[in-house]
Ligand code: URA
């Protein structure tokens with residue numbers, strides 16, 4: 042060892058981070074190192090050897106936050122989730138170079154460091170996608186409304202994935218067990234815990250029929266192409282997925298049913314009186330979505346019983362808006378659209394079609410749940426055309442204020458609400474231009490797309506679900522492409 046090497050050996054720092062994705066620890070250490078101008082080759086990044094612990098929140102050092110270009114700031118939380126032991130050192134090297142004269146480094150795709158970090162980011166994104174799509178909850182026997190799932194992620198993605206499942210299944214209590222750690226949601230808070238074992242999650246027999254229906258309805262016959270199936274849904278996930286056992290039967294039954302299924306899509310009855318409803322509300326003309334929502338929150342349901350009005354959800358200016366029929370039982374309880382079984386199916390299909398649900402605006406033609414009580418169950422009742430007409434005033438203004446580029450009608454009720462006409466889905470499925478009165482009562486034309494409602498897919502006989510679901514996802518792929526065109 043020469044003198045320079047000996048000196049660098051003496052001045053070498055070791056940073057020890059918590060196992061898993063220790064983002065707070067990494068950020069704090071990085072800030073300190075950059076502030077003290079410690080170069081990457083003088084640092085050994087290590088991970089404490091205590092498997093199963095989840096990121097302890099490290100005390101931030103007294104160093105100022107780093108001012109990093111957005112692509113670098115976005116890359117860090119993704120890459121720290123990768124299992125590559127060099128991930129922290131690579132990120133340190135990137136940040137060091139960016140802050141020392143190479144501010145646009147992330148744009149240099151040919152740079153070996155940028156390339157490698159890009160691969161790590163991609164691997165984590167893919168792992169997250171797989172977990173969102175292939176994780177399966179099972180009911181825990183004897184504990185109503187409590188579910189557990191087993192999953193083996195490739196990377197340290199549990200904490201980030203948990204946020205996704207909170208968003209999707211906020212109203213349920215669930216646990217996700219993995220070999221590295223577990224996470225538990227009690228309806229209000231997330232708690233991380235030690236690793237689980239697959240044996241702790243009930244096997245298939247514990248399934249509630251509704252969940253199984255839902256899973257079967259999401260089966261995509263494209264996956265019967267073995268190569269495509271393995272690429273999209275690697276074999277390692279199959280043992281956790283009940284529908285994989287059902288694949289042969291689903292495939293046998295899938296062929297040639299589309300037309301027949303679509304014919305069964307119900308069509309609304311003809312009675313409606315939108316003009317009266319519009320006139321009744323014409324004195325209220327809210328100028329913002331919040332003001333509009335306040336009106337509907339105060340409004341009494343047309344039919345008694347609903348817990349609350351279920352408002353639309355999503356960002357103002359969203360490129361895509363999806364219009365459903367009316368809230369269901371879960372939506373009524375939680376006050377959010379599309380969170381029950383049909384909503385879960387829609388979420389799954391959106392994801393498969395490459396549409397980010399959180400970037401879209403989701404709403405309903407009718408804002409209150411209409412149901413009939415049968416014992417303890419509340420059975421959905423289809424809104425009449427008059428009820429749809431009553432709420433149309435609100436939907437029109439809502440869409441005006443959100444300003445989507447493309448409005449997707451999910452099912453016949455949404456089509457009726459958006460066009461004022463009863464148009465069979467079979468005839469109109471696909472791109473459509475909706476005529477819609479604007480605020481002055483004139484006609485505005487805007488881009489639309491008509492497809493089936495996800496609850497229609499849930500109601501289909503088992504043997505017809507797979508094909509109908511695949512067609513639905515295909516529609517959503519077309520919606521995604523149209524949305525991209527219109528937003529460009
Ligand atoms: N069906 C709908 O049309 N909307 C929802 O929010 C849920 C189910």
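Numbering (our numbering), first residue to last: 42 to 529. Using N, Cα and C, we set each Cβ at its ideal position, and we do this for glycine too. Note that the coordinates shown come from a computational prediction; the quantities given were computed from them, not determined experimentally.
About 12 Å separates the CB atoms of residue 373 and residue 407; that is not less than 8 Å, and the two are not in contact. A straight-line Cα-Cα distance of about 10 Å links residue 397 and residue 361. In this chain, the beta strand (DSSP E) harbouring residue 216 covers 214-218. Put simply, the stretch 135-144 does not touch the stretch 203-223. Fewer than three CB pairs are less than 8 Å apart. Annotated three-state conformation of residue 451 is strand, per DSSP.
In the structure shown, residue 151 falls within a coil segment according to DSSP collapsed to helix, strand and coil. Ranked by Cα distance from residue 199, the options 165, 210, 70 are led by 165. Distances taken from the Cβ of residue 383 to the heavy atoms of ligand 1 include one shorter than 7 Å. Residue 74 carries a helical assignment under DSSP once its states are collapsed to helix, strand and coil. Residue burial annotation: residue 388 is buried, with at least 16 other C-beta atoms found within 10 angstroms of its C-beta.
For residue 141, the three-state secondary structure derived from DSSP is coil. Separation of residue 446 and residue 87 (C-alpha to C-alpha, rounded to the nearest whole angstrom) is 49 Å. Assigned with DSSP and collapsed to three states, residue 395 falls in coil, not helix or strand. At a cut-off of 7 Å, the beta-carbon of residue 367 counts as near ligand 1: some heavy atom of the ligand is closer than that.
A distance of 8 Å or more separates the beta carbons of residue 135 and residue 160. Per DSSP, residue 330 is one residue of the alpha helix (DSSP H) stretching across 330-339.
Assigned with DSSP and collapsed to three states, residue 420 falls in strand. In the displayed model, residue 360 falls within coil according to three-state DSSP, outside both helix and strand. Closest by C-alpha distance to residue 375, out of 356, 425, 349, is 349. Residue pairing by DSSP places residue 471 opposite 491 in a beta bridge. Rounded to whole angstroms, the gap between the alpha carbons of residue 524 and residue 176 is 28 Å.
When C-beta atoms of the stretch 376-384 are compared with those of the stretch 419-435, fewer than three pairs fall below 8 Å, so the two segments do not count as touching.
For residue 413, the shortest separation between its Cβ and any heavy atom of ligand 1 does not lie below 7 Å. By the neighbour-count criterion, in which a residue is buried when 16 or more other Cβ atoms sit within 10 angstroms of its Cβ, residue 241 is exposed. According to the DSSP secondary-structure assignment, residue 234 is paired through a beta bridge with 223. Note on residue 84: 16 or more other CB atoms within 10 angstroms of its CB, so buried under the neighbour-count rule. With distances taken between CA atoms, residue 490 lies nearest to 521 out of 496, 108, 521.
DSSP, reduced to helix, strand and coil, places residue 132 within a helical segment of the structure shown. By the C-beta density criterion, residue 79 is buried, having at least 16 other C-beta atoms within 10 angstroms. About 6 Å separates the Cβ atoms of residue 235 and residue 222, confirming a contact at the 8 Å cut-off. Contact annotation: residue 347 and residue 431 have beta-carbon atoms that are not nearer than 8 Å.
Cβ contact annotation for residue 355 (same chain, cutoff 7 Å, sequence separation greater than five): 401, 402, 403, in chain order. Apart from the 5 residues on each side of it in sequence, residue 55 sits with its Cβ closer than 7 Å to the Cβ of 85, 87 in its chain, given in chain order. Under the three-state reduction of DSSP output, residue 413 falls in the strand class. Around the beta carbon of residue 371, a 10 Å sphere encloses 16 or more other beta carbons of the protein chains shown; the residue is thus reported as buried.
Distances from the alpha-carbon of residue 71 to those of 515, 130, 441, 328 put 130 closest.
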